Amino acid sequence: MGTFSLSPMALALRRLFGSTARQHHRPNVDLRDRLSHVLWIGGAPCVGKTTLARVLAGKFDLKIYNLDWHHVREHRTRPGGVPASWESLTMDERWVLPAAGEMAEREVANWTARFPLVVEDLLGLPVTRTIVAEGPSAFPWSVAPVIRSPRQAVFLVPTGEWRDAVRERRERDFDPGTRFGDGTRDPVRARRNLRERDVLLGARIERSCAELGLHSVRVDGSLDVADSLALIEAHFRPHLPAGLNV
2 MGTFSLSPMA LALRRLFGST ARQHHRPNVD LRDRLSHVLW IGGAPCVGKT
52 TLARVLAGKF DLKIYNLDWH HVREHRTRPG GVPASWESLT MDERWVLPAA
102 GEMAEREVAN WTARFPLVVE DLLGLPVTRT IVAEGPSAFP WSVAPVIRSP
152 RQAVFLVPTG EWRDAVRERR ERDFDPGTRF GDGTRDPVRA RRNLRERDVL
202 LGARIERSCA ELGLHSVRVD GSLDVADSLA LIEAHFRPHL PAGLNV
């Protein structure tokens, strides 16, 4: 596959990081070259991205960059981190009142808008160690402009049944009264909206992968972690360290 044409996201990233490039006396540097040591695991929520990233990182001594962790703990206080409109919403306005389609569009817009913060973070990390960046906000259309090869990225999309199983397993570990939606006036509807939103996000991610020539994998729970890891390894093989972490 050839190089990607510059999309609006790529142009935005170039504008955002142009000053950084000048500081290093490399005005024509390409983000795809500067981030050629970064591997991406994106995809819809509740599919197992974090688990696979951790196992892969442990096996090959990779640096993990968890997009969700940084969004919650660091990006919120930086310009572009969290839209003011989001902070002003009540729990019902976030999860009960909107239709699932509106929620999906909202997440796409918000997560895409803060992706430059992810790139900024990654540019500040050493290039001597391969990085695996993972999270649902690593959308194909955001990742495509910053990779040299489609073998640097994979996108996991769960079937509806597997997504429900993962969500249920996670919520069993929560304290009573802390399940998603419990802070709304209609928890059942909030959870239903979230499920439908996740399905819509998964479908959009798959369509985008097809359009961009990126690799998506439908996950139904039929493979265990070891077999799933083998698939991820095979895809990333050209970009993984030659030796194992022993």
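Numbering (the numbering used here), first residue to last: 2 to 247.
Cβ coordinates follow ideal geometry from the N, Cα and C atoms, glycine included.
Note that this is a predicted model, so its numbers are computed, not measured.
Quick check on this structure: which residue in the options has the alpha carbon closest to the alpha carbon of residue i?
{"i": "residue 150", "options": "157, 141 and 168", "result": "141"}
{"i": "residue 216", "options": "228, 233, 223 and 222", "result": "233"}
{"i": "residue 184", "options": "71, 93, 40 and 153", "result": "93"}
{"i": "residue 113", "options": "72, 55, 34 and 47", "result": "72"}
{"i": "residue 35", "options": "65, 238, 124 and 226", "result": "124"}
{"i": "residue 111", "options": "143, 122, 65 and 98", "result": "143"}
{"i": "residue 70", "options": "122, 238 and 168", "result": "122"}
Are the beta-carbon atoms belonging to residue i and residue j less than 9 Å from one another?
{"i": "residue 63", "j": "residue 173", "result": "no"}
{"i": "residue 102", "j": "residue 230", "result": "no"}
{"i": "residue 158", "j": "residue 88", "result": "no"}
{"i": "residue 50", "j": "residue 245", "result": "no"}
{"i": "residue 259", "j": "residue 115", "result": "The shown model of the chain, from 2 to 247, leaves out residue 259, and the question about it has no answer."}
{"i": "residue 156", "j": "residue 44", "result": "yes"}
{"i": "residue 166", "j": "residue 222", "result": "yes"}
{"i": "residue 136", "j": "residue 241", "result": "no"}
{"i": "residue 118", "j": "residue 76", "result": "yes"}
{"i": "residue 190", "j": "residue 47", "result": "no"}
{"i": "residue 133", "j": "residue 220", "result": "no"}
Which of the three DSSP states, helix, strand or coil, is assigned to residue i?
{"i": "residue 38", "result": "coil"}
{"i": "residue 23", "result": "With a pLDDT of 36 at residue 23, under the threshold of 50, the modelled position of that residue is not reliable, and no figure is offered here."}
{"i": "residue 130", "result": "coil"}
{"i": "residue 157", "result": "strand"}
{"i": "residue 243", "result": "coil"}
{"i": "residue 75", "result": "coil"}
{"i": "residue 152", "result": "helix"}
{"i": "residue 222", "result": "coil"}
{"i": "residue 203", "result": "helix"}
{"i": "residue 184", "result": "coil"}
{"i": "residue 217", "result": "strand"}
{"i": "residue 102", "result": "helix"}
{"i": "residue 59", "result": "helix"}
Since I believe residue j is in contact with residue i (beta carbons under 8 Å), could you give me their beta-carbon distance rounded to a whole number of angstroms?
{"i": "residue 154", "j": "residue 148", "result": "6 Å"}
{"i": "residue 120", "j": "residue 32", "result": "7 Å"}
{"i": "residue 42", "j": "residue 54", "result": "5 Å"}
What I want to know is whether the C-beta of residue i ends up closer than 8 Å to one or more non-hydrogen atoms of the ligand MN.
{"i": "residue 121", "result": "No copy of the ligand MN occurs in the structure displayed, which carries no ligand at all."}
Can you list, in chain order, the residues of its chain with a C-beta nearer than 8 Å to that of residue i? Leave out the 5 residues immediately preceding and following it.
{"i": "residue 161", "result": "196 and 200"}
{"i": "residue 236", "result": "152, 155 and 216"}
{"i": "residue 81", "result": "114, 115, 117 and 118"}
{"i": "residue 205", "result": "105 and 109"}
{"i": "residue 79", "result": "118"}
{"i": "residue 100", "result": "194"}
{"i": "residue 224", "result": "232"}
Ignore the nearest five residues each way along the sequence and tell me which others in residue i's own chain have a CB closer than 6 Å to its CB.
{"i": "residue 203", "result": "45 and 158"}
{"i": "residue 210", "result": "141, 156 and 217"}
{"i": "residue 188", "result": "182"}
{"i": "residue 52", "result": "none"}
{"i": "residue 239", "result": "152"}
Whose C-beta lies closer than 7 Å to the C-beta of residue i among residues of the same chain, with five residues either side of it excluded?
{"i": "residue 104", "result": "194 and 198"}
{"i": "residue 96", "result": "182, 185, 191, 194 and 195"}
{"i": "residue 56", "result": "226 and 230"}
{"i": "residue 37", "result": "149"}
{"i": "residue 228", "result": "none"}
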